[in-house]
Amino acid sequence: MRKEDLETVIGLEVHVELATKSKIFCSCSTEFGAPPNTHVCPICLGLPGVLPVLNKKALEYAVRAALALNCEIAPFSKFDRKNYFYPDLPKAYQISQYDQPLAYGGYVDIEVNGEKRRIRIKRVHLEEDAGKLLHAGDDIAGAATSLVDFNRSGVPLIEIVSEPDIRSPEEARLYLMKLKTILEYLGVSDCKMEEGSLRCDANLSVRPRGAKELGTKTEIKNMNSFRAVFKGLEYEERRQKEALAAGEEIVQETRHWDENRSVTVSMRGKEEAHDYRYFPDPDLVPLIIDRAWVEEIRRSLPELPDARRERFQREYGLPAYDAEVLTASRTLADFYDECVRLFPDPKAVSNFVMSEVLRLLNAEGKDIVDTPLTPQHLAKLLGLVKEGTISGKIAKDVFEEVFKTGRDPAEIVKERGLVQISDEGELARIVDEVLAANPAVVADYRGGKEKAFTFLVGQVMKATRGKANPALVNKLLKEKLS
Amino acid sequence: MEIYDLTAHELSRLLKAREISAAELTEAVLERVDEVEPAVRAYVTVTREEALAAARRVDEARARGEDLGPLAGIPMAVKDNMCTRTVRTTCSSRILENFIPPYDATVVERLAAAGTVMIGKTNLDEFAMGSSTENSAFFTTRNPWDLERVPGGSSGGSAAAVAAGEAVFSLGSDTGGSIRQPASLCSVVGLKPTYGRVSRFGLVAFASSLDQIGPLTKDVTDCALVMNVISGWDKMDSTSAPVEVPDFTQFLGREVRGLKIGLPREFFAEGIDREVKEIILTAVRVLEGLGAVVEETSLPHSDYSLPVYYILAPAEASSNLARFDGVRYGLRVDAPDLISMYGQTRSRGFGAEVRRRIIIGTYALSSGYYDAYYKKAQQVRTLIKQDFDRAFEKYDVLITPTSPTPAFKIGEKADNPIQMYLSDICTIPVNLAGIPGLSIPCGFTAEGLPVGMQLLGKPFAEGTLLQVAYAYEQSTDHHKKRPPLAGAAGGERHA
Ligand SMILES: [Zn+2]
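Structure, rendered in structure tokens:
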């Protein structure tokens with residue numbers, strides 16, 4: 001079998017921590033980063049005699065997510081116990097959902113090379129997170145001591161299981177990005193892979209192109225960033241294709257992504273096949289979901305990324321690429337919408353946001369809401385340019401300060417004396433001085449060198465410290481050189 | 001009669017009239033504990049100082065003229081599988097021998113708010129698995145009526161404490177008969193309420209879908225008083241029922257004329273001691289004499305109760321007891337690696353019967369066996385429940401023996417788990433159906449051993465059970481008899 005004749009099949013299991021204030025079965029806080037074992041109580045520590053009570057907000061968030069992922073909400077579902085021993089699992093079982101999940105049968109659309117691809121979602125279910133282990137050593141077997149932090153124990157999770165519809169590591173990355181964007185839009189999770197609030201396991205197999213049957217799959221774990229998901233799957237895809245091309249068989253197993261060595265490593269022998277002995281949790285009553293409540297949640301869903309992107313194209317006349325970039329995060333899209341409301345020139349706003357705003361956000365690795373910049377600032381700044389008070393170039397300088405300090409742009413302009421020089425007499429005098437000081441360049445221009453003109457504009461700008469009205473400078477130079 | 005022989009409602013009158021203080025009463029009961037505990041061994045832990053302090057607080061409240069409920073100042077005992085803040089809660093297991101919970105069970109909280117005085121924590125079969133207290137990791141409690149015999153179980157300590165005057169009343173838990181069977185063997189009143197009537201929060205789970213907390217008392221009136229305090233929906237327990245709680249004392253004194261009573265023939269068949277059967281039928285005739293209409297009926301799936309129970313209860317237990325892993329609390333046996341630590345902690349921490357049930361339950365839930373065992377058992381459980389539903393379309397109350405035999409000798413069944421499991425043959429179907437069941441003293445065998453009659457009712461019809469039990473009690477005097485304990489002033493050996 002040649003590698004070129006093989007096709008990759010990927011399914012993802014994504015765990016997302018829900019951004020509820022309290023845990024799923026007790027009232028402890030879900031806050032990330034608190035000192036170890038400070039957000040715990042008898043319930044999330046699994047002490048003898050305690051009982052779980054479902055946090056209705058967690059259920060609501062799960063339903064919101066499932067609806068946004070186009071799933072059906074099961075009118076009847078239940079919680080099951082997944083039994084296994086591990087020191088981070090205080091009850092020695094995880095409350096999860098087994099054969100009757102909360103939601104099923106959804107999909108997410110992604111765009112791959114300009115083409116729409118639909119990735120079906122098999123199920124979405126609710127469960128509780130485990131605690132976190134810290135080893136004084138590599139792992140629990142080799143550690144001299146291991147410590148457990150139960151702050152995360154009982155944080156609500158949803159597990160989103162895709163059908164094996166993904167055909168490449170790049171599609172997997174796009175699917176994951178899309179999930180993240182949708183969940184962020186919903187406000188149900190902050191989806192931070194680095195904090196573990198979004199985690200992703202994958203099943204990958206390869207098969208002859210056009211085959212109906214799936215090949216033997218491996219499960220890949222420990223991919224802790226979007227990049228790792230892409231890299232890990234790319235590695236595993238190559239490994240399997242090469243193995244098949246060499247006539248070897250794929251072994252069904254769990255493999256760990258080793259970030260440092262950029263390889264997947266077999267977990268065989270380390271992690272035996274578990275029999276989780278699932279059975280319905282007798283401490284919780286079945287989930288019987290009221291249709292009217294589901295519809296109420298459906299009505300309250302915000303505009304989702306796809307709808308918003310289409311609206312940006314339709315309403316604001318933006319190109320597809322710009323609309324995509326501006327709707328990639330809800331906060332940025334909200335920012336843009338508000339700017340346009342205050343300064344109704346969608347193109348001017350998108351140009352500025354896509355160049356200046358994103359440049360600084362990316363440089364600082366921040367979200368727009370974590371900066372002092374407001375839509376009012378940007379609208380005012382663009383207004384100053386439009387009135388001719390400052391030039392576009394000055395606007396960029398002023399913007400950097402606004403971005404850092406949150407000060408009023410008009411005040412900065414006034415304080416730093418950045419008001420544009422539009423006085424024709426004053427500018428004519430400066431233009432004359434520049435021409436007098438650069439006779440050789442003037443001669444070049446007259447000899448047909450167009451570039452010389454740009455140099456002269458630059459010299460005028462330099463002399464005015466960028467404050468000269470560029471249109472006027474052009475006009476004056478043209479007049480004087482003709 | 002001595003002070004410790006009195007019932008809660010009798011003592012309540014004395015306390016209200018200030019003929020006795022709560023502190024004096026508590027002292028008297030603690031003295032009784034000192035006197036008979038070496039023989040009976042009902043308690044795992046006696047909380048002497050805390051009890052006296054609580055009693056003094058009640059006396060002070062009374063002195064301030066506060067309006068106190070009928071149980072204020074009444075000394076009582078709690079089965080040692082209900083969590084008590086600052087007081088160790090052992091489940092009579094090595095694995096929790098030194099476990100001190102940081103919180104109170106809901107029932108403990110409610111009883112404290114009612115002003116009751118906890119004397120201590122009572123012995124049980126380890127994790128409530130057993131019918132004799134012989135499975136306690138610490139010691140076997142003796143039946144106050146015959147110290148050579150078991151008090152029943154698993155709430156044997158709670159039953160013996162009340163029978164011996166070491167507590168005015170107590171709480172037990174009942175998964176397959178663990179309140180009713182010891183109540184029957186010790187001649188006290190024991191009620192397993194409807195599943196969901198009383199919060200399970202803080203009860204260390206054995207089998208969550210079957211466990212229910214209830215009172216063990218000296219008479220029916222006390223049972224109603226305790227139910228008034230412990231019943232009702234609890235936001236901490238999703239399986240507690242949002243059903244209104246009546247004043248259970250209002251059912252006492254209502255006549256039973258015209259009430260329809262069914263006798264399911266399967267509960268009077270082979271396996272039931274001849275003498276026990278006769279005593280029950282004599283008791284039924286008393287009710288008939290009061291105007292109740294009695295008929296024979298059938299619960300055809302009863303035979304399956306025991307196998308169904310011994311799949312479902314161990315299955316749930318295998319999961320419920322998995323948290324005792326040596327990681328966070330309780331016993332830990334240090335070992336070179338994690339898996340050996342788990343294995344050694346749990347082998348050393350759990351007794352033979354608990355290990356046996358964990359293994360049975362783990363097997364029943366295993367992949368490949370789940371459908372044949374757990375799932376099938378759930379289906380049969382539904383059939384058993386439907387038998388009761390049908391019977392209650394026709395009858396207000398069903399009557400059976402509580403225990404197929406009177407108290408057996410210590411050691412008699414200890415090596416034969418099946419014989420021991422049969423002790424609960426009459427009580428197990430009731431837990432599977434989730435309905436209320438009450439055991440009331442109804443006589444003694446020729447050997448002087450108590451026999452209890454089991455009354456069964458519709459879901460949440462505890463009131464009807466109390467009504468019938470009270471009518472019977474008022475027509476008889478079995479409840480007034482006290483065991484002939486050495487050093488005690490109460491009665492001679494009954495014969
Ligand atoms: Zn908690």
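Here the protein sequences come in this chain order: A and B. The first sequence maps to residues 1 to 482 in my numbering. The second sequence maps to residues 1 to 495 in my numbering. Glycine included, each C-beta is placed from N, C-alpha and C at the ideal position.
Chain B contact for residue i (CB, 9 Å cutoff)
| i | result |
| --- | --- |
| Thr-20 (chain A) | no |
| Ala-136 (chain A) | no |
| Pro-87 (chain A) | yes |
| Pro-52 (chain A) | yes |
| Glu-4 (chain A) | no |
| Glu-128 (chain A) | no |
| Arg-81 (chain A) | yes |
| Pro-101 (chain A) | no |
| Phe-279 (chain A) | yes |
Residue i and residue j closer than 9 Å at C-beta
| i | j | result |
| --- | --- | --- |
| Ile-390 (chain A) | Val-402 (chain A) | no |
| Glu-253 (chain A) | Arg-268 (chain A) | yes |
| Val-108 (chain A) | Ser-162 (chain A) | yes |
| Val-430 (chain B) | Arg-110 (chain B) | no |
| Lys-132 (chain A) | Arg-152 (chain A) | yes |
| Asn-123 (chain B) | Ser-131 (chain B) | no |
| Tyr-395 (chain B) | Ala-315 (chain B) | no |
| Val-168 (chain B) | Ala-53 (chain B) | no |
| Pro-87 (chain A) | Glu-127 (chain A) | no |
| Ala-62 (chain A) | His-125 (chain A) | yes |
Any non-hydrogen atom of ligand 1 closer than 8 Å to residue i Cβ
| i | result |
| --- | --- |
| His-39 (chain A) | yes |
| Ser-155 (chain B) | no |
| Ser-266 (chain A) | no |
| Gly-154 (chain A) | yes |
| Ser-238 (chain B) | no |
| Ile-95 (chain A) | no |
| Cys-44 (chain A) | yes |
Own chain, CB closer than 6 Å to residue i, minus 5 neighbours either side, in chain order
| i | result |
| --- | --- |
| Cys-91 (chain B) | Asn-81, Phe-127 and Val-204 |
| Glu-10 (chain B) | none |
| Val-268 (chain B) | Checking the displayed sequence, the identity of residue 268 (chain B) turns out to be Phe instead of Val. Contacts found: Lys-277. |
| Ala-495 (chain B) | Note that Ala-495 (chain B) scores 34 on pLDDT, short of 50, meaning its location in the model is unreliable and no value can be drawn from it. |
| Ser-534 (chain B) | The structure shown does not extend to residue 534 (chain B), since chain B is modelled only from 1 to 495, so the question has no answer here. |
| Asn-203 (chain A) | Gly-11, Lys-217 and Glu-219 |
| Thr-405 (chain B) | Asp-273 |
Contacts that residue i makes with chain A (C-beta to C-beta distance below 8 Å)
| i | result |
| --- | --- |
| Pro-102 (chain B) | Pro-42 and Leu-47 |
| Leu-331 (chain B) | Here the premise fails: no neighbours, minimum Cβ distance about 13 Å. |
| Ala-112 (chain B) | Going along chain A, no residue has its Cβ under 8 Å from Ala-112 (chain B), so there is no contact; the nearest lies around 16 Å. |
| Tyr-342 (chain B) | Phe-85 |
Listed by chain order, chain B residues near residue i by CB distance under 7 Å
| i | result |
| --- | --- |
| Asp-275 (chain A) | Ser-366 and Ser-367 |
| Val-285 (chain A) | Ser-238 and Thr-239 |
Chain A residues whose Cβ lies nearer than 9 Å to that of residue i
| i | result |
| --- | --- |
| Asp-337 (chain B) | Ile-140 and Ala-141 |
Contact with chain A by residue i, beta-carbon distance below 9 Å
| i | result |
| --- | --- |
| Tyr-370 (chain B) | yes |
| Tyr-310 (chain B) | no |
| Gly-202 (chain B) | yes |
| Gln-98 (chain B) | It should be pointed out that residue 98 (chain B) corresponds to Asn in this sequence rather than to Gln. By this cut-off, Asn-98 (chain B) is not an interface position. |
| Val-327 (chain B) | yes |
| Thr-362 (chain B) | yes |
Contact test: residue i Cβ vs ligand 2 heavy atom, cutoff 8 Å
| i | result |
| --- | --- |
| Cys-28 (chain A) | Ligands present in the displayed structure are limited to ligand 1, and ligand 2 is not among them. |
Beta-carbon proximity list for residue i, same chain, < 7 Å, skipping 5 on both sides
| i | result |
| --- | --- |
| Pro-459 (chain B) | Thr-194, Gly-434 and Ile-435 |
| Ser-178 (chain B) | Ala-128, Gly-153, Ser-154, Ser-155 and Gly-172 |
| Phe-335 (chain A) | Ile-368 and Pro-375 |
Within chain B, partners of residue i - CB distance below 9 Å
| i | result |
| --- | --- |
| Lys-91 (chain A) | Ser-319, Asn-320, Ala-322 and Arg-323 |
Beta-carbon proximity list for residue i, same chain, < 8 Å, skipping 5 on both sides
| i | result |
| --- | --- |
| Arg-94 (chain B) | Ala-137, Leu-331, Arg-348, Gly-349, Phe-350 and Gly-351 |
| Arg-209 (chain A) | Asp-5, Leu-6 and Glu-7 |
| Leu-460 (chain A) | The sequence given here places Val at residue 460 (chain A); Leu does not occur at that position. Same-chain partners within the cutoff: Leu-427, Ile-430, Val-431, Val-434, Ala-468, Val-473 and Leu-477. |
| Tyr-445 (chain A) | Ala-452, Phe-453, Leu-456 and Leu-481 |
Within chain A, partners of residue i - CB distance below 7 Å
| i | result |
| --- | --- |
| Asp-237 (chain B) | Leu-51 |
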